[in-house]
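To keep things clear, I will list the structure first and then write my remarks on it.
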Amino acid sequence: MLSTPVWTQRLQLRPLDLDDAVALFDVYRDSAAMRFMNEPPHVDVGQTRATLAHMLTADACWWAICLRGDDRARGFVGYLANTNVPGMGYILHPDLWGSGYMTEAVHAALEVGFTSLGLDRVELWINDANIASRKVAQRTGFSLRGRFCMRYPHEATAHDKLVFGLYRYEWEAQHLAPTRPISLYRLQPILSVLDVKESAAYYCDQLEFTLDFLYGNPPVHGAVACNEWTTEGVTIQLSKVNSLPAAIHGMALYIFAGPDLDSRHERYAARGVTVIQPPSTMPWGMREFQIADNTGYRLRFGTPV
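Just add 9 to wherever you are in the sequence shown, counting from 1, and you've got the working numbering.
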């Protein structure tokens, strides 16, 4: 996607170019600016040029953020390439923080994205601890849609990444309440079990879940959950059957866990939970362990490494 110049009250957004590497090196070498980025501060302009070369692909759309009357790049804003959901990214030199410039730039980029580029939605991934970026998202109309755990290669531990999203119809309605219903909310697996009450107790006592609900006396359906908030975390439904399906031992649930994966495994093992695979680092960048529940269903827990 080709970016065209955009002017706001105080800014000029012009197409980002490899020649901006020299100016943007001042941003990329700044530890405060790079605190939440996916790479450590740069030590030379060659690193910055390589980062820009990786960004500036045919499917991406990036603008250099410049003050009106000054063509020097002080940051950038734009749309990433090759994402299932259109993703936005941005950075700004700390000297310009606290003046609303980033909010102004994001507003302008969204206007182009929803009108000229024809995007139907835009997504932001923001570090949970990045309060300033979260405020930019909220001021420009984004809503929190979810969260997941991620670890960058230069980080010692993983962090929570918040997913903010904005639909075009929300933008067109000037960020009023949604005017169309959500078609799908989330997935909850249903496990067929011989004894719902017994299975629910196992998940609560052995695997640190909490009881969501039981239906019937004796129970014929129910659910257990392991979450901080109602719509996050893991919820598993349990449904009574008279005989188990033949393919039960070939079924597995994958649960994305936090950085305490190894200690969780130790707690499970200490309670006598059947461990099929101890914690192992996988070639696809995850550390995982696998257990079997009291019925024989396999649960695989994983966290980024």
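Heads up, the beta-carbon is just placed ideally off N, CA and C, and yes, glycines get one too. Every value quoted in this text rests on a predicted model; they were computed, and no experiment measured them.
Kindly indicate which residue of 244, 265 and 249 has the alpha-carbon position closest to the one of residue 225.
249
Bridge partner(s) assigned by DSSP for residue 296:
290 and 312
Looking at the secondary structure, which residues open and close the alpha helix (DSSP H) in which residue 74 lies?
That residue, residue 74, is in no alpha helix (DSSP H); its beta strand (DSSP E) goes 70–76.
Those residues which DSSP pairs with residue 159 across a bridge
168
Excluding the five sequence neighbours on either side, which residues of its own chain have a C-beta within less than 7 Å of the C-beta of residue 291, listed in chain order?
297
With 16 other Cβ atoms within 10 Å as the buried cut-off, status of residue 281:
Per the 10 Å Cβ criterion, exposed.
Does DSSP put residue 94 in a helix, a strand or coil?
coil
Residue 208 and residue 247 - do their beta-carbons sit closer together than 8 Å?
yes
Rounded to the nearest angstrom, what separates residue 12 and residue 308 at their Cα positions?
46 Å
Mapping the DSSP letters down to three states, classify residue 224 as helix, strand or coil.
strand
Whether or not the region 26–37 and the region 92–108 are in contact is what I'm after, with contact meaning three or more pairs of Cβ atoms, one per stretch, closer than 8 Å; do they touch?
yes
Pairwise C-alpha distance: residue 132 and residue 168:
18 Å
Beta strand (DSSP E) containing residue 21: first to last residue?
20–24
Between 273, 80, 258 and 120, which has its C-alpha nearest residue 177's C-alpha?
120
Contacting residues, own chain, Cβ-Cβ under 6 Å from residue 143 (five flanking each side not counted)
135
Tell me the rounded alpha-carbon separation between residue 301 and residue 279.
15 Å
Within 8 Å, strictly: CB atoms of residue 37 and residue 57
yes
Would you mind reading off the limits of the beta strand (DSSP E) that contains residue 246?
Counting along the chain, the beta strand (DSSP E) containing residue 246 begins and ends at 243–249.
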